[in-house]
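Step one of this worksheet: look at the structure below.
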Amino acid sequence: MWDFGFTTVALFLVVVLVVLWLSTRRAPGLPPGPPLLPFLGNALSMETDSRVLFKNLRQKYGDIFSLYVFHKPVIVLNGYNVLKEAIVKNADVFSDRPHTFLTDFFARRKGVVGTSGDLWHEQRRFALNTLREFGAGRTIMEDKIHEEIAQFVLALEEQKGQGFNIERLAQNAVSNIICSIVFGKRFEYTDPVFVKFLKALDDFFKYSTVTGILGVFPVVRYLPGDPFKFRKIMDSIDLVKKLLINPSIKNHLKDHDEENRDDFIHVYLKEMRHRHQKQETTTLDSENLAQTISDLFVAGTETTSTTIRWALLYFLHYPDVQEKCFQEILENVGQSRLPSMKDKTNLPYVEATIMETLRYGNIAPVAVPHTVPQDVQFRGYTFPKGVTIILNLDSVLHDKDVWGDPQNFRPDRFLDGEGKIQKREDFIPFSLGRRICLGESMARMELFLFLTTMIQKFKFVPVNGQKPPMDGILGLTNAPREFLLKAIPRK
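In this note's numbering, the protein residues as written are 20 to 510.
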């Protein structure tokens with residue numbers, strides 16, 4: 020009996036040791052990476068700032084390394100050449116999005132378009148073409164942005180040179196531009212529906228930072244008290260659609276004018292009906308329209324308003340940059356009219372300052388994850404089907420070998436010897452390849468028109484001469500900490 024019991028215990032211990040050993044080994048062919056803890060992998064390391072973690076791991080393991088979040092491998096790509104080779108030169112295999120619990124759950128729940136394949140391609144292509152049309156010769160987008168800027172300037176004037184927090188005001192303005200482009204109308208900042216809509220968007224961004232565990236252990240969504248905010252996320256998504264998106268689509272369907280191409284919904288519905296009349300196979304329908312609108316708000320609200328806040332924070336720390344921008348605007352635009360996109364070529368230093376804000380602020384240090392649809396061999400490593408691939412944009416935008424002094428805020432780095440903008444292919448704040456940010460063209464226009472007008476109309480100074488800290492808070496985006504500033508009207 021004793022021998023039998025001893026054998027059982029010994030066998031159990033051997034099994035445990037084998038399991039522990041296997042849980043600390045990488046799958047064959049994966050890129051190298053730090054040692055794994057049993058069952059946890061590198062999950063505990065992921066709690067630190069990913070920019071610092073990835074920088075240290077890149078120095079030790081090279082431009083391609085892997086981590087394990089519990090039992091799931093993650094591959095991190097670093098450096099412009101590696102990123103370009105993967106998602107530009109090999110876009111056919113590196114452009115898919117990984118399946119996550121949240122995206123799959125939401126797609127099944129609502130029957131909306133997926134994140135890869137023909138469905139995604141058609142929706143994205145239509146959205147990009149429509150936004151380009153709005154921003155091109157017909158200047159619809161510029162007119163709508165100018166309309167919002169006028170209200171934004173009035174709101175700044177109401178501060179009467181007192182210290183205030185720009186965060187909510189910037190979010191209101193940027194969100195209203197998207198409302199105007201998508202729905203064909205803007206809202207007063209105090210409108211109850213608009214306020215609730217923005218609160219729901221805020222909740223989505225806030226709670227999305229703590230839902231990563233659901234992708235590894237979906238069962239935790241059933242824990243009492245909603246500790247990982249699954250129900251909060253679902254409620255905020257439902258509320259965003261319930262408050263504005265679905266009612267607006269319904270009203271557009273009821274009052275659709277085939278000749279009206281002044282907002283995104285009308286253009287979408289016209290194309291949808293056109294394809295149905297021709298009996299073409301298409302994914303254009305009301306459900307996918309609602310999802311595309313949601314994507315536009317997610318892509319265009321948080322990032323643009325955050326960039327505006329970073330720019331103002333840098334103006335407080337670098338008043339000489341702010342003054343140089345003002346002098347350039349004064350000489351080439353004056354103060355009697357608002358700046359327009361036609362002025363852009365005459366304001367190279369302003370444009371360089373915006374570019375440096377995007378680089379230095381590094382709003383999205385890592386792009387939205389990619390994956391591969393089948394096992395792929397890349398630079399001597401095996402990328403298994405469905406593996407999560409992280410594009411470390413920070414490794415490019417803050418690379419000393421690329422920029423020389425990336426730790427310094429220096430707009431002149433984007434100017435050539437004649438003071439003109441020099442385009443650099445390694446300037447990738449919106450990522451690159453087929454999955455480049457959907458809202459890039461809109462964001463660039465918004466940033467230029469907002470910031471040139473703000474500099475033209477106001478001088479931004481610290482409250483009581485105290486400059487706020489320049490370190491940010493890393494969540495879904497890299498955002499500045501809350502800070503106060505004064506907007507002094509220029510004479």
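Ideal Cβ positions, reconstructed from N, Cα and C, are used throughout, including at glycine.
**Study point:** Whole-angstrom C-beta distance between residue 506 and residue 55, which should lie under 8 Å
**Key:** Actually they are not in contact, since the Cβ atoms of residue 55 and residue 506 sit about 52 Å apart, beyond 8 Å.
Check your understanding: Cβ of residue 381 within 7 Å of Cβ of residue 413?
Key -> yes
Practice item. For the beta strand (DSSP E) holding residue 405, just list the boundary residues, first then last. Key: Unbroken run through residue 405: none, as it is neither H nor E.
Point to revise | Cα-Cα separation between residue 6 and residue 460, rounded to whole angstroms | key: Residue 6 is absent from the model: the chain starts at 20 and stops at 510.
Check your understanding: So, helix, strand or coil for residue 115, using DSSP?
Key -> strand
Check your understanding: By the 10 Å Cβ neighbour count, where 16 or more other Cβ atoms means buried, how is residue 117 classified, buried or exposed?
Key -> buried
Check your understanding: By how many angstroms is the C-alpha of residue 288 removed from the C-alpha of residue 259?
Key -> 20 Å
Exercise for review: Out of 405, 333, 262, 291, state which residue places its alpha-carbon closest to the alpha-carbon of residue 372.
Suggested key: 333
Review point. Does DSSP classify residue 503 as helix, strand or coil?
Key: strand
Review point. Is it buried or exposed for residue 131, if we count other Cβ within 10 angstroms and need 16 for buried?
Key: For residue 131, the pLDDT reaches just 47, beneath the cut-off of 50, and the residue's location in the model is therefore unreliable, although a value from the coordinates is still provided. Label assigned to residue 131: buried.
Practice item. Return the CA-CA distance between residue 310 and residue 498, expressed in angstroms with no decimal places. Key: 25 Å
Exercise for review: May I ask you to verify whether the segment 276-285 touches the segment 196-203, counting CB pairs closer than 8 Å and requiring at least 3?
Suggested key: yes
Exercise for review: Could you tell me which of 374, 273, 207 sits nearest to residue 462, measuring between CA atoms?
Suggested key: 374
Review point. Can you name the residues that DSSP bridges to residue 87?
Key: 92
Practice item. Answer yes or no: do residue 388 and residue 409 have a C-beta to C-beta separation smaller than 7 Å? Key: yes
**Study point:** Rounded distance between the beta-carbons of residue 212 and residue 319, thought under 8 Å
**Key:** The Cβ separation is near 19 Å, so there is no contact.
Check your understanding: Are the beta-carbon atoms of residue 328 and residue 185 separated by less than 7 Å?
Key -> yes
Review point. In whole angstroms, what is the alpha-carbon distance linking residue 40 and residue 60?
Key: Confidence at residue 40 is low in this model, with a pLDDT of 46, below 50, so its placement is unreliable and no value can be given for it.
Check your understanding: Which residues mark the beginning and the end of the beta strand (DSSP E) in which residue 481 is found?
Key -> 477-481
Practice item. Quick one: give me the first and last residue of the alpha helix (DSSP H) that residue 319 is part of. Key: 305-319
Check your understanding: So what's residue 301 in DSSP terms, helix, strand or just coil?
Key -> coil
Exercise for review: Could you tell me which of 478, 143, 495 sits nearest to residue 179, measuring between CA atoms?
Suggested key: 478
Exercise for review: Can you grab the Cα-Cα spacing for the pair residue 283 / residue 52, in whole Å?
Suggested key: 46 Å
Review point. So, using beta-carbon positions, are residue 85 and residue 50 closer together than 7 Å?
Key: yes
Exercise for review: Between the Cα of residue 367 and those of 483, 350, 379, spot the shortest distance and give me the residue it belongs to.
Suggested key: 350
Check your understanding: Residue ranges of each beta strand (DSSP E) run of no fewer than 3 residues wholly in the segment 435-492, ordered along the chain?
Key -> 477-481
Exercise for review: Indicate whether the contact test is met: 3 or more Cβ pairs, each with one atom in the segment 101-108 and one in the segment 446-459, closer than 8 Å.
Suggested key: yes
Check your understanding: Given a threshold of 16 other Cβ atoms within 10 Å of its Cβ, counted over all protein chains shown, does residue 68 qualify as buried or as exposed?
Key -> exposed
Practice item. Reducing DSSP to helix, strand and coil, say where residue 149 ends up. Key: helix
Review point. When DSSP labels each residue in this structure, what does residue 396 get in the three-state scheme?
Key: strand
Practice item. May I ask which residues mark the beginning and end of the alpha helix (DSSP H) holding residue 189? Key: 186-202
Point to revise | Residue interval of the alpha helix (DSSP H) (run including residue 372) | key: 367-380
**Study point:** With 16 other Cβ atoms within 10 Å as the buried cut-off, status of residue 341
**Key:** buried
Check your understanding: If you compare alpha carbons, which of 401, 428, 415 is closest to residue 112?
Key -> 401
Check your understanding: With a CB to CB cut of under 8 Å and the five nearest residues on each side skipped, what residues in its chain are close to residue 370?
Key -> 363, 433, 440, 467
Exercise for review: Look at the Cβ atom of residue 316, then the Cβ atom of residue 197, and state whether they are nearer than 7 Å.
Suggested key: yes
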